[in-house]
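Quick note, the sequences are listed as chains L and V, same order. 0 is the number of the first residue of the first sequence in numbering that gives the first Met the number 0; add one for each residue after it. 0 is the number of the first residue of the second sequence in numbering that gives the first Met the number 0; add one for each residue after it. No residue lacks a Cβ here, since even glycine has one placed at the ideal position from N, Cα and C. Structure, as structure tokens:
2 protein chains.
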Amino acid sequence: MEPKPIPDIVVGRLPLYLRALQRMSQQGRKVTSSQELGEWLGISAAQIRKDLSQFGEFGKQGTGYNIEFLVENLRQILKVDRVWDVAIVGAGDIGSALARYQGLSERGFRITMIFDSDPTKIGAQVGQFTILDSAAMVDSISHAGVQVAMLAVPAAQAQQAADELVKAGVRAILNYAPINLTVPEGVWVQYTDPVTHLQRMTYYLD
Amino acid sequence: MEPKPIPDIVVGRLPLYLRALQRMSQQGRKVTSSQELGEWLGISAAQIRKDLSQFGEFGKQGTGYNIEFLVENLRQILKVDRVWDVAIVGAGDIGSALARYQGLSERGFRITMIFDSDPTKIGAQVGQFTILDSAAMVDSISHAGVQVAMLAVPAAQAQQAADELVKAGVRAILNYAPINLTVPEGVWVQYTDPVTHLQRMTYYLD
């Protein structure tokens, strides 16, 4: 029996649930409810119950959710019960900050390489990594079988870099460059741009 | 006549339209269409027309949108026809990268101060800024009248820092800490966490 595809908007909420539950777990908590999760996240309890029910039976009426059990299930659903190798493209301020970012490994990701095309940067150290030459990127990534990349190059170079990532076998790109990318079917792109977030808020200010 | 409030999901797409249009403008383009914008952004042409029509009459049937005119209008709607001062809280890797980030000023924002509580960081230079003591944050921000902040402190300190920002008069917080914040009515929070973006994509990988 082929399950119905889950809407991407629902998929997009699962990492927020997982993050909140893992934080509760770190605080020594064992059980929560859709009401409490909803208050943490600003999402209605009904929405949370509906989202989770699409993946299975995680809570019992009246007793709530077992946090550890739900964490394990969400990790499996999101496929972060394994660790994904991640390549960073661009060793500017954002790429370098990402290379030093601590919060990745316990959440399913491990930076393994960082690339730049600037000859003055290639060979330099950032965190625990030596910056590699972008010219060797397709070979290095495809040889290592890396499927996830963070793209932190200037906007003018982002599409070409994305094309190379796709050629190298990358299937998920988190794009920090402030432009939209064109990628073939089967490759996923997420965007993160501080300015679009800020502008979404200034709309409401006076 | 009181206009109907625009759904936040629509507001959230306006910065993407603005960014794409500004890029077209940089390329010397004068006119575009909802079809072309839609292809750039992966959003349907009908959705774009519907979104924009909520704010006015920007295009003519058959002749498309005048890019400069639409850019000016979107900048006014999003209130980035002015420049907002922005405070950064946390001078770790992410905060420091943001302090050095170039792409803000022509898009409506200007970093004016950065704070940290670490005595070894206070007084040090990051980009063009001297790192200020968080203990003076409420005073400094309220005195300067800063309304927008980027929060890049560890998760365990984020709620307290947010409380202080609110006390100082900040009304828009872009939160890089991987936790959800509780803020009073009238204060806006946007979240950005690379891991939640990555997890939303690994769901689809094998």
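C-alpha gap between residue i and residue j, whole angstroms
i: V:P177; j: V:A151; result: 9 Å
i: V:I5; j: V:W39; result: 24 Å
i: L:P118; j: V:G55; result: 49 Å
i: V:V30; j: V:Q60; result: 13 Å
i: L:S52; j: L:N72; result: 12 Å
i: L:K3; j: L:K49; result: 15 Å
i: V:Q75; j: V:G63; result: 20 Å
i: L:Y190; j: L:S32; result: 31 Å
i: V:A167; j: V:V137; result: 5 Å
i: L:G37; j: L:Q46; result: 8 Å
i: V:D92; j: L:T201; result: 25 Å
i: L:V10; j: L:I121; result: 37 Å
Test item: CB-CB of residue i and residue j under 9 Å
i: V:N174; j: V:A155; result: no
i: V:L77; j: L:R199; result: yes
i: L:W83; j: L:R109; result: yes
i: L:I66; j: L:R28; result: yes
i: L:L15; j: V:Q146; result: no
i: V:D115; j: V:V88; result: yes
i: L:A148; j: L:I140; result: yes
Selected residue, minimal CA-CA separation from residue i, among the options
i: V:A90; options: V:A123, V:Q75, V:S141; result: V:A123
i: V:L103; options: V:V137, V:V9, V:R18, V:Y190; result: V:R18
i: L:G107; options: V:L197, V:V10, V:V9; result: V:L197
i: L:V125; options: L:M149, L:V186, L:G94, L:A135; result: L:G94
i: V:D80; options: V:I121, V:I47, V:E105, V:T129; result: V:E105
Contacting residues, own chain, Cβ-Cβ under 8 Å from residue i (five flanking each side not counted)
i: V:V182; result: A161, V165, I172, V188
i: V:T111; result: D84, V85, A86, A143, V145
i: L:V186; result: V165, V169, R170, A171, I172
i: L:A157; result: L150, N174, A176, I178, L180
Helix, strand or coil at residue i [DSSP, three-state]
i: V:D50; result: helix
i: L:Q21; result: helix
i: L:Q127; result: coil
i: L:V186; result: coil
i: L:A96; result: helix
i: L:V30; result: strand
i: V:N72; result: helix
i: L:T191; result: coil
i: L:G11; result: helix
i: V:A90; result: coil
Close beta carbons around residue i, own chain, < 7 Å, minus the five adjacent residues each side
i: V:Q34; result: A44
i: L:V70; result: L17, L20, Q21, S24
i: V:P193; result: none
Spatial neighbours of residue i in its chain, beta-carbon cut-off 6 Å, leaving aside the 5 residues before and after
i: V:F57; result: L51, Y64, L69
i: V:L97; result: I87, M149
Closer than 8 Å: residue i CB and nearest the ligand NAD heavy atom
i: L:A157; result: This structure lacks the ligand NAD; in fact it carries no ligand of any kind.
Residues, ordered as in the chain, of the segment 180-197 of chain L that lie near chain B by beta-carbon distance below 9 Å = The chain inventory of the structure shown lacks chain B, comprising the protein chains L and V.
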